[in-house]
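Trainee: First, the structure itself, so that you have it in front of you.
In the numbering used here, the protein residues as written are 8 to 485.
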């Protein structure tokens, strides 16, 4: 295979060729590193390239091949990790001066599981400081750009993951998602991103294990690759109280998208607490919705009012920022991101009563969404209200949606994502086409608790009806 063919291959295909002896892991790594070297300067997706560790892991993969016998599922397949997730011996900065020189002495459990599956870590990809916003930029490492349009953001906070995937710098990436941070950049860059049922993929170092709504999750270019990755990452861990007792499903089998949807009801939401949605994105999402109807699903419109959840999400999140970072401000405040500092200041204004009200709202929201699943089997909606915004957009200024001035970024661009962090329901975004501005958009499927395999199956059906893996940005087009 040529380097270009390797770069365009799925993880499933690479793994099969490696196991068959047709493609040495060191050749895959060499091709990957060469492509990163030529492509990353335009995007700034990588914070650290872990060449030494990658070469050790690729050589270990070749030793396993030579020995024969049962081989792990991702043997020799390259992947990246968002720089909020610990990697043994590889700098993990959280894109912050506070952690600039941090080199963990252990892997996070999701990284350890990927390593045990034979995958090869090629580097740490960018995030805004501590993943605090949906635009990938930090004082330490600058701005990550969208492969489809270098004037647009990659989205965030797993924007380095999405940019690396969309440009072929690796077929898999571990992202994190506390308010949409996997799904937002996945939609912006035209890839697949999934936030599982809370606890399905364990978060063994979450600062607030019991109140946590952040998720580690798979990001990939295809549903099958994301499903294979999830099958490796999922499973309980003693340090995550949400992970105990959650059974794993056959995610790889679900990604085959078999069967029809007779008797399945899908609740359709064009809006979720927002007023504006780009008409072109809405039309594209409706076409994807109708593809599931063609497989036998009944579409149930949901028109009921929905309160924007962002104010409550902010109370919980910004209160946590104060608790985590307030004692770091004297030493590091002049090197921290202004938007994070402003969020910490806002967090100081909340009382304990306001925090408890937000926690109570989270419970009420969960019960409301649970009641929806008494009426339907799945929910479907746009992932974002518009395509990627300008990379240099002022975070506190209104955005435009369909040539109309909307409100702030959190309230109007991604109202569809953070509600399901607060409730814990699984959600997956897949591409829904390239819009007139040349940028991709996404459609989101949300399932009931532990419905992870089922939403993968529906996502695979969408991929079969409207394939996207052959689409590449001009940056890497042959």
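Using N, Cα and C, we set each Cβ at its ideal position, and we do this for glycine too.
Would you mind reading off the limits of the beta strand (DSSP E) that contains residue 428?
Mentor: First-last for residue 428: 425-430, but that is the alpha helix (DSSP H), not the beta strand (DSSP E).
Trainee: Just the Cα atoms here: how many angstroms apart are residue 428 and residue 73?
Mentor: Their backbone Cα atoms lie some 44 Å apart in a straight line.
Trainee: Assuming residue 275 contacts residue 312 under a Cβ cut-off of 8 Å, what Cβ separation, rounded to an integer in Å, is found between them?
Mentor: Their Cβ separation, rounded to whole angstroms, is 16 Å, which puts residue 275 and residue 312 out of contact at 8 Å.
Trainee: Is it the case that the segment 180-200 contacts the segment 85-93, given that we only count it when at least three CB pairs across the two stretches are under 8 Å?
Mentor: Touching, per the Cβ criterion.
Trainee: When the Cβ atoms of the segment 226-237 are set against those of the segment 266-284, are three or more pairs found closer than 8 Å?
Mentor: No: fewer than three Cβ pairs fall under 8 Å.
Trainee: Quick one: give me the first and last residue of the beta strand (DSSP E) that residue 156 is part of.
Mentor: From DSSP, the beta strand (DSSP E) with residue 156 extends over 156-160.
Trainee: In angstroms, rounded to a whole number, what distance separates the CA positions of residue 398 and residue 42?
Mentor: Spanning the two alpha carbons is a distance of roughly 23 Å.
Trainee: Does the distance from the C-beta atom of residue 191 to that of residue 225 stay below 9 Å?
Mentor: Their beta carbons are not under 9 Å apart, which means residue 191 does not touch residue 225 by this criterion.
Trainee: Which of helix, strand or coil does DSSP assign to residue 420?
Mentor: In this structure, residue 420 counts as coil in the three-state DSSP scheme.
Trainee: In terms of alpha-carbon separation, which member of 39, 94, 410, 36 lies closest to residue 212?
Mentor: That would be 94, whose Cα lies nearest to the Cα of residue 212.
Trainee: Per DSSP, what kind of secondary structure is residue 335 in: helix, strand or coil?
Mentor: Residue 335: helix per DSSP, three-state reduction.
Trainee: Using the three-state DSSP reduction, which class does residue 66 fall into: helix, strand or coil?
Mentor: Residue 66: helix per DSSP, three-state reduction.
Trainee: Does the distance from the CB of residue 164 to the CB of residue 139 come in under 9 Å?
Mentor: Yes, the pair counts as a contact, with Cβ atoms nearer than the cut-off.
Trainee: How about residue 434 and residue 230: do their beta carbons lie closer than 9 Å?
Mentor: Cβ atoms of residue 434 and residue 230: not closer than 9 Å.
Trainee: Less than 9 Å between the C-beta atoms of residue 440 and residue 294, yes or no?
Mentor: Yes, they are a contact pair.
Trainee: To the nearest angstrom, how far is it from the Cα of residue 350 to the Cα of residue 332?
Mentor: Residue 350 and residue 332: Cα-Cα distance of roughly 11 Å.
Trainee: Please report the residue range of the beta strand (DSSP E) in which residue 85 lies.
Mentor: It spans 85-89 - the beta strand (DSSP E) in which residue 85 sits, taken as one unbroken run.
Trainee: Would the beta-carbon of residue 152 fall within 9 Å of that of residue 100?
Mentor: No; because the gap between Cβ atoms is not below 9 Å, this pair is not in contact.
Trainee: Tell me the rounded alpha-carbon separation between residue 334 and residue 328.
Mentor: Rounded to the nearest angstrom, the two C-alpha atoms are 11 Å apart.
Trainee: Spatial neighbours of residue 413 within its chain, please: CB distance less than 7 Å, with the 5 preceding and 5 following residues excluded, ordered by chain position.
Mentor: Within the same chain, residue 413 has close Cβ partners 283, 405, 406, 407, 419.
Trainee: For the segment 87-150, which segments carrying the beta strand (DSSP E) assignment without a break, of at least 3 residues, lie completely within its bounds, in sequence order?
Mentor: Fully enclosed beta strand (DSSP E) runs of 3 or longer: 127-132.
Trainee: Can you check whether the CB of residue 321 is closer than 9 Å to the CB of residue 135?
Mentor: No, the Cβ-Cβ distance between residue 135 and residue 321 is not below 9 Å.
Trainee: Are residue 326 and residue 354 close, meaning C-beta to C-beta below 9 Å?
Mentor: Yes. Within cutoff.
Trainee: Closest to residue 461 by CA distance: which of 201, 446, 206 is it?
Mentor: When each option's Cα is compared against that of residue 461, the closest is 201.
Trainee: Anyone know if the C-beta pair for residue 132 and residue 438 falls short of 9 Å?
Mentor: No. Outside cutoff.
Trainee: Could you round the C-beta distance between residue 217 and residue 243 to whole angstroms and report it? I think they count as a contact, below 8 Å.
Mentor: That belief does not hold up - the Cβ atoms of residue 217 and residue 243 are roughly 15 Å apart, past 8 Å.
Trainee: From residue 126 to residue 472, what does the alpha carbon distance come to, in whole angstroms?
Mentor: Roughly 30 Å between the two C-alpha positions.
Trainee: Within its chain, find whatever has a CB closer than 8 Å to the CB of residue 25; leave out the 5 residues flanking it on each side and keep chain order.
Mentor: 31, 32, 35, 68, 72, 82, 83, 84, listed in sequence order.
Trainee: Write down every uninterrupted run of the beta strand (DSSP E) in the segment 232-286 whose length is 3 residues or greater and which is fully enclosed by it, in chain order.
Mentor: Taking only runs of at least 3 residues, the beta strand (DSSP E) segments lying wholly in the segment 232-286 are 272-275.
Trainee: What does DSSP give as the partner residues of residue 387 in its beta bridges?
Mentor: Residue 387 is bridged to 275, 452.
Trainee: Residue 34 by DSSP, collapsed to three states: which one?
Mentor: In the structure shown, residue 34 sits in a helix (DSSP, three-state: H, G or I).
Trainee: Using DSSP with H/G/I as helix, E/B as strand and the rest coil, what is residue 180?
Mentor: In the structure shown, residue 180 sits in a strand (DSSP, three-state: E or B).
Trainee: Per the DSSP calculation, residue 216 is bridged to which residue(s)?
Mentor: Beta-bridge pairing links residue 216 to no other residue.
Trainee: Whose C-alpha, out of 29, 207, 27, 21, is nearest the C-alpha of residue 456?
Mentor: For residue 456, the nearest C-alpha among the options comes from 207.
Trainee: Does the Cβ-Cβ distance between residue 196 and residue 172 come in under 9 Å?
Mentor: In this structure, residue 172 lies closer than 9 Å to residue 196 by Cβ.
Trainee: If you count every other CB in all the chains shown that lies within 10 Å of the CB of residue 360, and 16 or more means buried, which is it?
Mentor: Exposed is the call here.
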